[in-house]
Structure formats: C-alpha cells, structure tokens
Amino acid sequence: MKLKIENLTKEYSGKKVLDIENLVIEQGTITAIIGANGAGKTTLLNIIGNLDSQTTGKVSYMDHDLIKTNPRAAMTLVFQNPYLISTTVEKNISYPLKLRGWSSFDIEERISQLTRELGLEKLRKRKTWKLSGGEVQKVALARALSFRPGLLLLDEPTANIDPATTGEIERMLAKINKEEGTSIIIVTHNLPQAKRVCNKLIFLNKGKLIEEGNSGEILKNPVNSLTRRFIEGELLV
Ligand SMILES: Nc1ncnc2c1ncn2[C@@H]1O[C@H](COP(=O)(O)OP(=O)(O)OP(=O)(O)O)[C@@H](O)[C@H]1O
Ligand SMILES: [Mg+2]
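FYI, in our numbering the residues of the sequence shown are 1144 to 1380.
Printed below as a string of structure tokens:
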C-alpha cells in the first residue's frame, strides 16, 4: 500500500501536536517512526490507521481518500498493549478471516502457517488470559497479519518483549514484507531495531517531520542536529 500525507495537522484543545506538510510511504517499504515521548508518533499512526481524525489535511491510499473508503479492509494496527478476545489463541487469529468470509479450509491453512512461523503452535487452544506478555504480542501480530493486510501499523510492538521474542517478531515482519508485499510502519524507540528491520526512517520532533530517508544512513549520519542529539542519547526538551 502506498500512502501519501499532505498538510496534515492535529490539534488537541487548540494545541497543535502534529504538523506534517508532506510524507510519502512507498508500497512494500518498512518504515520506522522515531522521536521523543510526546513527539506525535502514536497520533500519526492512529490517523493513518483511521482510528483518529486529523484537524486538517489529507491521508491518501494510492488514489483513494482513506476517509472515504473502507480502510479496515486493507490495513490494521497493533497497539503496544493489544486487546485480545477472551477466547482461544486460534479463535483470535481466525476472527478477522471469518468476518471476511474465508472458507474453513483457508482459515485452517492460514492459522497453521502463522502459528508455526511465530512459534505459537502449542498455544493454539490456550485461552488468551493465560498468555505471557510476549505471547499476547505474537498472537496480536498473527491476528493482524491473518487477512494479508496491505499496510500493517505497529505501535512499539516490542517495547516490553525479551530479545528472543523480539527477534521472532522482527523475522516475521521481514518475511511478511518480502513474501506478501505488506507495507509496514513501526513506531519504535529501539534504534538498532529500526536499523535491522526498516529500510526507511522518519524522525518526528514536536509534531514535525524533521528528517526522513534511508534508516541505516540516518542512524549512521543524521543531517538534522536534533536527530543527531536524539540518536546520541540526549533528551529533547
Ligand atoms: N487524546 C488526547 N488529548 C489531548 N492531548 C493528547 C491526546 N493524545 C495525545 N495527546 C498529546 O499529543 C502529543 C503527542 O502524543 P502522542 O501520544 O502522539 O506521542 P508519542 O510520540 O506517541 O509519545 P510516546 O513515545 O510517549 O508514546 C502529546 O503532547 C500528548 O500529550
Ligand atoms: Mg506513543
């Protein structure tokens, strides 16, 4: 999915928290959104995912206005603390497929594939309230990927996850991107992760896009002094 953002602003009680003139996310890319706490990352992700509305400006998917079409048919958002349905792991993964009218055969194939690739096979019948935090995150990812979205939006998907599970999730994202062409946007504070997983990086500061480009290049040699200070570990105030 290709995404185009033009003159996007968001205000809360008259205070502007997002102000992006121009941003294009190309089809098939994995993009990291980086920035300090309160920079507007989640707000931007929620607007792209159509869970929140902008104050002014436009978000377009290819040539369609996201606001006018049915974005949920083509994209999905995974929250930092995902909400799973109080039933089994496999019923959570199959839920979006049943909504979309997939056959039982196709649903079974997809659940088998996703649970195998994410190491969830033994947990298929487990009730979701008996899962660990890392398992919850993996089930939420499997559910989000189930219907092969064109765009996957992730808000700090590995913030509280151990390195081994983080690795599993990162490998899954790379695989899905490569094999199914899913565009992915990840909000993350984990700069090595941005370098490992993402080919593009955008840096937000106080709601403005101050640097964008190739993730490896920006992390090695940021042009903007605020980006440089952030990457070097300084707090932006
Ligand atoms: N519903 C809301 N009402 C009022 N202000 C809000 C609301 N949601 C977010 N904000 C404000 O908008 C700004 C951007 O918030 P946002 O959650 O997008 O930041 P973020 O970059 O995701 O931060 P973090 O890294 O802490 O998750 C912050 O100043 C926040 O307080
Ligand atoms: Mg946030």
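C-beta atoms are modelled at their ideal positions from N, C-alpha and C, and glycine is treated no differently.
**Message:** For ligand 1, I want to know if Asn-1224 counts as a neighbour, meaning its beta carbon is within less than 6 Å of at least one of the ligand's heavy atoms.
**Reply:** As a working mapping, residue 1224 is identified with position 81 in the sequence shown. For ligand 1, not one heavy atom lies less than 6 Å from the Cβ of Asn-1224.
**Request:** Go through the stretch 1303 to 1328 residue by residue and report every complete run of the alpha helix (DSSP H) that reaches 4 residues or more, in order.
**Result:** 1306 to 1323
**Request:** Give every residue of the same chain whose Cβ lies closer than 6 Å to the Cβ of Ile-1329, excluding the five residues on either side of it in the sequence, and list them in chain order.
**Result:** Numbered from 1 along the sequence shown, position 186 holds the residue referred to as residue 1329. Counting only Cβ-Cβ distances below 6 Å, and skipping sequence neighbours, we find Ala-1175 and Leu-1297.
**Prompt:** Using the beta-carbon count (16 or more within 10 Å), is Thr-1219 buried or exposed?
**Reply:** Indexing the sequence shown from 1 puts residue 1219 at position 76. Flag for Thr-1219 reads buried.
**Request:** Could you please give me the residues that DSSP links to Ala-1175 through a beta bridge?
**Result:** Within the sequence shown, the letter at position 32 stands for residue 1175. Among the bridge pairs identified by DSSP, Ala-1175 is matched with Ile-1329 and Leu-1344.
**Message:** I need the straight-line Cα distance from Lys-1268 to Met-1315, nearest angstrom please.
**Reply:** Stepping through the sequence shown from its first residue, residue 1268 is reached at position 125. Stepping through the sequence shown from its first residue, residue 1315 is reached at position 172. Using only the alpha carbons, I get a separation of about 21 Å.
**Item:** Glu-1322 versus Ile-1168: straight-line alpha-carbon distance, rounded
**Value:** Here the question's residue 1322 lines up with position 179 in the sequence shown. Here the question's residue 1168 lines up with position 25 in the sequence shown. Going from the Cα of Glu-1322 to the Cα of Ile-1168 covers about 19 Å.
**Message:** Does the distance between the C-beta of Gly-1183 and the nearest non-hydrogen atom of ligand 1 fall short of 6 Å?
**Reply:** Sequence index remark: in the sequence shown, residue 1183 carries index 40 (1-based). Because some heavy atom of ligand 1 lies under 6 Å away, the Cβ of Gly-1183 counts as near it: yes.
**Message:** Only counting the same chain, and skipping five residues up and downstream in sequence, which positions put a Cβ closer than 8 Å to that of Ile-1319?
**Reply:** In the sequence shown, counting from the first residue as 1, residue 1319 sits at position 176. Once the five neighbours on either side are set aside, the close Cβ partners of Ile-1319 are Leu-1288, Leu-1295, Thr-1325 and Ile-1327.
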